[in-house]
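Remarks on the structure that follows.
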Amino acid sequence: MSDTEQAYDFAAIQSKWLPVWQRMDPFRAESEATDDGAAEDTRPRRYQLDMFPYPSGDLHMGHAEAYAFGDLVSRYHFQKGENVLHPIGWDSFGLPAENAAIRRNAHPAEWTYANIDTQADSFKRYGVSFDWSRRLHTSDPGYYKWTQWLFLRFYERGLAYRKASFVNWCPKDQTVLANEQVVAGKCERCGSDVTKRELTQWYFKITDYAQRLLDDMGPLEGQWPERVLTMQRNWIGRSEGAYVDFAIEGRTEPVTVFTTRPDTLFGATFFVVAPEAKLASEIVSAEQRAAFETYLEEVKRSTEIERLSTERDKTGVFLGVYAINPVNGERIPVYAADYVLADYGTGAIMAVPAQDQRDYDFAKQFGLSIVRTVQPPADFDGEAFTGDGPAINSANAEVSLDGLAVDEAKARITTWLSSKELGKGAVTFRLRDWLLSRQRYWGCPIPIIHCDACGEVAVPDEQLPVELPDLRGADLQPKGVSPLASATDWVTVACPKCGGEARRDTDTMDTFVDSSWYFLRYCSPNYDDGPFDPDAVRRWMPIDQYVGGVEHAILHLLYARFFTKVLHDMGAVDFIEPFTSLLNQGQVVNQGKAMSKSLGNGVDLGEQLASYGVDAIRLTMVFAGPPEDDIDWADVSPAGSLKFLQRAWRLANDVSSAVGVSPAEGDAALRKVTHRTVQQFTELLESYKFNVGIARLMELVNAIRKAVDSGVGGGDPSVREAVEKLSVMLSVVAPYTAEDMWERLGHEPTVSLAGWPSFDPSLAAAESVTCVVQVAGKVRDKFDVSPDISEDALRELALASEKVLASLDGREIRKVIVRAPKLVNIVPG
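In structure tokens:
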């Protein structure tokens, strides 16, 4: 039958197979012996996890890409005969759900769970191989009971604490934000400019784990994308230097600052304090207080990104006091200036204008002295010199750094400071403690009770969960305090210690708390005696492969790593890293830009699925390029994917030989192509070169069609072998088409568990490969050689090439680099 005589109806195929899969439930992971006496599943276990979705509406193009990759890997390992845990759940608390519900005059729970149901149906239609028996939602009381339980364990260990400080404040969402949730000075959720506000908030002491978060990246090298590891290292920001004590005139206690360049202390000519730091208001003189308070109000109206900008003029105010430089005894003026932030160390810095550009700009603005303490190169014509060089102008009666290189100068001055009890060597981190309390309703309540007599009191474990009050019909508009504060009956409670009247904490937790441990709950989602069954976690964890966007490189991934380390210290888990391997996918854009209604370049996933079918969209996503690259929808062709699937599907109808027939007597040429494709496709999937693998399947489809149409015919056993192996390989990316092909080939469903196709190495071996010969980096010749040719033989062939000799034109050869069998690179002298 010809390539055009049969109709491929993707909608009918989807309608046919979806209910079959739902009845069969083929992707359910087995982890222990069943109650009916069945033996424990002994297949190799694999935990394959996709970053779980937020229920903001139906699935969109980004979901289609991310879950196509994750599902491909999962299906491949199912086919290899492994016991795969591939669960699904929803990160269902949070600001977007609450804001969307407010706009619709609905309760957040109604809006959230309606979206979850919509997404669940879409995931099923999309053919994702989830184990639906492990489905969870972080907004279920049965889940957040254990989020609260974990909070209390952190609290007992001193890792959850409450303090007053200046925090990031989103004026639109009317809630605080962790540092990690501020992007370029704006709220990462709504894009509003972030300001500062002093509030008493809850924190997780992630800084206690800063060094371990760095050290434990070692085993992740080569398993995680390097850019993710770099982003985490930069965010943690380890700095080596020294603490230095500066006396402030009129103040008993010295002020300690951290510097990475203690060797430049002799060049510290003024002292700067963040305006909002308590230190500034404590030390400002009476004469300067009015000017300082006016300046402070100006600073509060600025965003951090504005304050740290190198483009704007430096601003500040003299505080009317002086500090004493500990290495030379000089009095240096103390300023409040907005380019120093309160949450950096003590909120104060020593200013060395000759070696720091911001300090230099400030010194110039305010007419302050500049003393160079590092010798720049002779041709240096800049302002502040931030490079290395010998120390100059750096000596007192007891210690001299002059002439020393930077590292040696640092060591000498640090030793001297320590001997005088004026400072000591230190390591600090850019990382700040995780601010986790939020002034919004739709989140996990913080399980703390405030009693005037007893102070902070933990809710007893037996009273968990502290459930959210319904507040149906209440005004949830953001007002700067949590709507929970208005639920008087809920807030007022007896103190668990003294029985007196007390108040519940009315803040809720950052949703990143929920997502910092959800992967553990998947191992035993119905476990009642703790957040997870330790035995189940021991069986499945750590996760073999995590798939998700690079936008979570700092927030979610860092927090999940922190949680895991705390749980390890508690003896709850026996591993220190939760995710063994990480695969990041890029974004789906259109016409070179992020999809946006305002730009008119949005692409609706539902419309694409209706036009081309699930398999064509999945195939398009995978074939578009390497997973980490962005996909520009304007440059891809779902129509082309659909045509390919039609061609593949029709091949199953052309097979007329019987099931089980031996292919040994079939067409030798087609068998070689088939077995070589299986070998290559397998290798390409293992190395995540999915797009190249799809290209190999396309080549196989063309080879089968050519064989069928050129006389081999559909009755040849080699054709059945080729189409059967094709359908199994195709199932990882186009499950509906592959399932229908499998049935047409005479097999029972499901193709997804048919077993990964084998290949005969003797058939898969290439008869020849093309070797490229380069001279000075330019291709000068190509020839076919045996795949097992030796390096010496390949070198002789290359050097005997007439084209190579002509290119050399008598020049001597300095080096010959041979990468048998595919490359020879000749480097002339």
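Mapped onto the numbering used here, the consecutive letters of the sequence shown carry residue numbers 1438 to 2266. Think of the CB as a built atom: it goes at the ideal place given N, C-alpha and C, for glycine as much as any other residue. As the structure is a prediction and not an experimental result, all values here were calculated from the model.
* Burial state of Thr1471 (16 or more Cβ within 10 Å) -> Because the pLDDT at Thr1471 is just 49, under 50, the model does not fix this residue reliably, and the value given afterwards should be weighed accordingly. Counting Cβ neighbours within 10 Å, Thr1471 comes out exposed, since fewer than 16 surround it.
* If Arg1877 sits next to Leu1614, beta carbons under 8 Å apart, how far is it from one beta carbon to the other, in whole angstroms? -> That pair is no contact at about 11 Å.
* Over what stretch of residues does the alpha helix (DSSP H) that includes Arg2157 continue unbroken? -> Pro2154 to Leu2167
* Note down, one range per segment and in chain order, each alpha helix (DSSP H) of at least 4 residues found wholly within the stretch 2053-2131. => 2075-2091 and 2105-2123
* Asked: In three-state terms, what does DSSP make of Leu1838?
  -> coil
* Asked: Exposed or buried, which one is Pro1915 when buried takes at least 16 other CB atoms within 10 Å?
  -> buried
* For Met1498, collect the residues of the same chain with a Cβ closer than 6 Å to its Cβ; drop the 5 residues on either side in sequence, then sort them by chain order. => Val2025, Val2040 and Leu2042
* To do: Can you have a look at Gly1678 and say buried or exposed, based on whether 16 or more other CB atoms are within 10 angstroms of its CB?
  => buried
* Cβ distance (whole Å) where Ala1846 is taken to contact Asp1700 below 8 Å -> 4 Å
* To do: Determine which residues share a DSSP beta bridge with Leu2019 and list them.
  => Tyr1983
* Asked: Does DSSP put His1544 in a helix, a strand or coil?
  -> coil
* Asked: Would you report the Cα separation of Pro1463 and Leu2190, rounded to the nearest angstrom?
  -> 8 Å
* What do you reckon, are the CB atoms on Val1710 and Ala1773 nearer than 7 Å? -> yes
* When the cut-off is 7 Å and only beta carbons count, does Glu1547 lie next to chain C? -> Within the model displayed, chain C is absent; a lone protein chain is all it includes.
* Endpoints, the alpha helix (DSSP H) within which Leu2046 is located -> Leu2042 to Tyr2049
* **Pairwise C-alpha distance: Gly2150 and Asn2090** => 12 Å
* Return the chain-ordered list of same chain residues with a C-beta closer than 7 Å to the C-beta of Tyr1592, the five sequence neighbours on each side being excluded. => Ala1895
* Nearest CA to the CA of Tyr1550: which residue from Asp1577, Trp1569, Phe1560 and Ser1570? -> Asp1577
* Cβ neighbours of Ser2078 in the same chain (closer than 6 Å, five flanking residues each side left out) -> Ala2053, Leu2056 and Thr2057
* **Backbone CA spacing between Asp1558 and Ile1525 [nearest angstrom]** => 12 Å
* Asked: Three-state secondary structure (DSSP) at Val1764?
  -> coil
* Whose CA, out of Glu1835, Ala1834 and Arg1849, lies closest to the CA of Leu1841? -> Arg1849
* Is the stretch 1627-1639 touching the stretch 1824-1831 in the sense that three or more CB pairs, one from each, lie closer than 8 Å? -> no
* Can the beta-carbon of Gly1704 be found less than 7 Å from the beta-carbon of Ala1788? -> no
* To do: Let me know the alpha helix (DSSP H) ranges lying completely inside the stretch 1901-1947, each 4 residues or longer, listed in chain order.
  => 1925-1928
* Asked: Going straight from the alpha carbon of Val1604 to that of Glu1502, what length do you get?
  -> 36 Å
* Asked: Of all the options Val1764, Glu1730 and Gly1753, which has the alpha carbon lying nearest to the alpha carbon of Asp1796?
  -> Gly1753
* **Cα-Cα separation, Ala1543 to Pro1906** => 15 Å
* To do: Please determine, among Phe1755, Trp1586 and Gly1917, the residue with the shortest C-alpha to C-alpha distance to Asp1898.
  => Trp1586
* Can we count Arg1726 as close to the ligand SAM, meaning its CB is less than 6 Å from some heavy atom? -> Ligands are entirely absent from the displayed structure, and the ligand SAM is therefore not among its contents.
* **DSSP state of Pro1533 mapped onto helix, strand, coil** => helix
* How would you write the range of the alpha helix (DSSP H) that Trp1853 sits in, first residue to last? -> Val1843 to Ser1856
* Limits of the beta strand (DSSP E) - the one that Arg2256 falls within -> Ile2250 to Arg2256
* **Cβ contact (3+ pairs, closer than 8 Å) linking the stretch 1935-1949 and the stretch 1445-1459** => no
* **Three-state secondary structure assigned by DSSP to Tyr1732** => helix
* **Same chain, Cβ closer than 7 Å to Tyr2125, five either side skipped, listed in chain order** => Leu2020 and Pro2064
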